[in-house]
Amino acid sequence: SEEIETEYVGDDGTDNPTEISDITMLHPDDFASLLDDNTNFQIQILLAIQNLTIRGESTYGLAIKEQLEEVYRANEVHPGRLYPNLDQLEERGLIDKEQIDDRSNAYNLTPTGKGFLKKYANTTLGLINGEEFEDIVGLA
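All residue numbers in the sequence shown are consecutive under our numbering, ending with 746.
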């Protein structure tokens with residue numbers, strides 16, 4: 607079977623397109639706890655924030671909503687679903703909220719949020735490439 611390439615080399619020669627050196631490496635127990643707490647929609651929110659960051663675009667709520675609607679195609683993402691999930695991600699320490707003005711906030715991944723996404727991606731790729739879950743997350 608063909609192994610999926612996991613290495614990225616950016617224009618600046620680093621292996622990360624956003625140079626996120628401030629990643630918290632998660633203990634397997636912490637990763638399992640965060641994975642248990644995060645729904646697929648919340649993971650998509652984290653990915654949307656990271657994608658907007660890579661593009662150099664604002665990461666305020668409406669931009670995240672629009673990014674998610676691109677992912678989910680024609681399905682509208684209702685604010686009543688988005689904002690409570692953003693609040694939960696902030697409570698769990700995966701994102702920070704920064705007030706832009708009286709009505710808008712910007713959301714950014716924390717080092718723990720970046721670490722979670724990296725561990726999630728590595729776990730997914732490892733499973734696709736035939737590694738056992740226990741070996742990937744360090745339970746073996």
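We put the beta carbon where it would ideally sit given N, CA and C, even for glycine.
Near residue i, which residues of its chain fall below 6 Å by C-beta distance, leaving aside the five closest residues on each side in sequence?
i: Asp741; result: none
i: Ser710; result: Tyr666
i: Lys671; result: Val683, Leu688
Residues in its own chain within less than 7 Å of residue i by CB, not counting five upstream and five downstream?
i: Ala669; result: Leu658, Glu663
Residues in the same chain with beta-carbon distance under 8 Å from residue i, minus the five sequence neighbours each way, listed in chain order, please.
i: Leu733; result: Phe739, Ile742
i: Gly699; result: Thr716, Thr718, Gly719
Could you have a look at residue i and say whether DSSP puts it in helix, strand or coil?
i: Ile734; result: helix
i: Ile649; result: helix
i: Ile701; result: strand
i: Tyr678; result: coil
Find the nearest neighbour of residue i within the set the options, judged by alpha-carbon distance.
i: Gly667; options: Arg679, Tyr713, Glu676; result: Tyr713
i: Leu652; options: Gly744, Asn735, Asp708, Gln694; result: Gln694
i: Glu676; options: Gln650, Gly686, Lys703, Ile660; result: Gln650
At which residues does the beta strand (DSSP E) containing residue i begin and terminate?
i: Glu715; result: Per the sequence shown, residue 715 should be read as Leu rather than Glu. Unbroken beta strand (DSSP E) run through Leu715: 711 to 715.
Would you kindly report the start and end of the unbroken alpha helix (DSSP H) that includes residue i?
i: Arg683; result: In the sequence as presented, Arg is not what sits at residue 683; that position holds Val. Careful: Val683 lies outside any alpha helix (DSSP H) and carries neither H nor E.
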